[in-house]
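Report on the structure given below.
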Amino acid sequence: GTAAAARALLTDTRWLPRRLQPEPVYEGALRADPRRADEVLDLLGDADTAAVLSMQLGLTPLGKALAERLDAPLLIDVADDDESYLHAAGLVGAATAVRRIAAECLPSASVVTTPSAEDASAIGLRHGLGEQVRVIPNAVALPAPDGVAAPGLGRVLFVGTLTYPPHRCSAD
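For the sequence shown, position 148 matches number 888 in the working numbering, and the numbering has no gaps at all.
Okay, structure coming up:
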């Protein structure tokens with residue numbers, strides 16, 4: 741039943757204990773109001789932006805607004821199939837919020853990444869995404885950077901939080 745599904749979802753991960761809250765990151769979407777995109781861009785200046793990378797679905801409405809204003813591709817990383825997880829845990833209100841944000845934002849993304857083929861299939865079918873959904877496992881071995889950025893690529897604008905350890909590691 742629902743209790744068993746919730747227990748199955750509350751498992752430790754490499755980075756932090758998996759925990760579900762009645763309204764997880766989606767409350768954060770209220771603080772990341774897409775109507776504040778102009779304010780964010782005023783703070784950042786007008787440097788060439790190659791892409792906007794949104795790392796949490798709850799913050800993606802702001803990422804989408806930034807990408808539209810910058811005329812840059814929107815890349816969205818959906819960490820998991822949160823809608824299915826939340827439904828399985830009986831958190832219908834949160835699952836509905838996830839579906840609303842996903843329906844509004846995912847179709848406009850150039851690329852949507854998920855950590856598993858199962859999540860990619862579910863999210864892709866639910867939102868009619870097709871080829872724009874890609875699987876990037878949570879642990880990917882990359883060669884060490886040579887410290888030299890390719891010229892003229894512009895910046896990638898990160899829309900996410902740095903309270904999540906993998907995001908902090910990536911920013912360092």
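Glycine is no exception: its CB is placed at the ideal position from the N, C-alpha and C atoms.
query	result
Identified DSSP bridge partners for D886	In the DSSP output, where bridge partners are listed per residue, D886 has none listed.
Contact belief for A805 with A849 at Cβ below 8 Å, rounded distance in angstroms	Contact flag wrong, Cβ pair sits at about 13 Å.
At least 3 beta-carbon pairs within less than 8 Å: the stretch 783-792 vs the stretch 871-884	no
D817: first and last residue of the uninterrupted beta strand (DSSP E) it sits in	L814 to D817
Counterpart residues of S794 in DSSP-defined beta bridges	I816 and V899
For Q872, the nearest candidate out of Q796, P813, L802 and V780 (CA to CA)	P813
Per-residue burial, A879 [other beta carbons within 10 Å of its own, 16 or more giving buried]	exposed
Cβ distance (whole Å) where I721 is taken to contact G798 below 8 Å	Limits of the chain in this structure are 741 at one end and 912 at the other, which puts residue 721 out of reach.
Sequence-distant residues of its chain with Cβ nearer than 8 Å to R809 (five each side left out)	A777, D778 and L781
Residue environment, L784, which counts as buried when at least 16 other CB atoms sit within 10 Å	exposed
Residue of H827, D822 and T836 minimising C-alpha distance to S856	D822
Delimiting residues of the alpha helix (DSSP H) encompassing R839	V832 to C845
Span separating the alpha-carbon of G833 from that of Y825	12 Å
Limits of the alpha helix (DSSP H) - the one that R775 falls within	That residue, R775, is in no alpha helix (DSSP H); it is neither H nor E in DSSP.
Straight-line gap, A860 to A843 (C-alpha atoms, nearest Å)	15 Å
Sub-9 Å separation of L897 and G803 beta-carbons	yes
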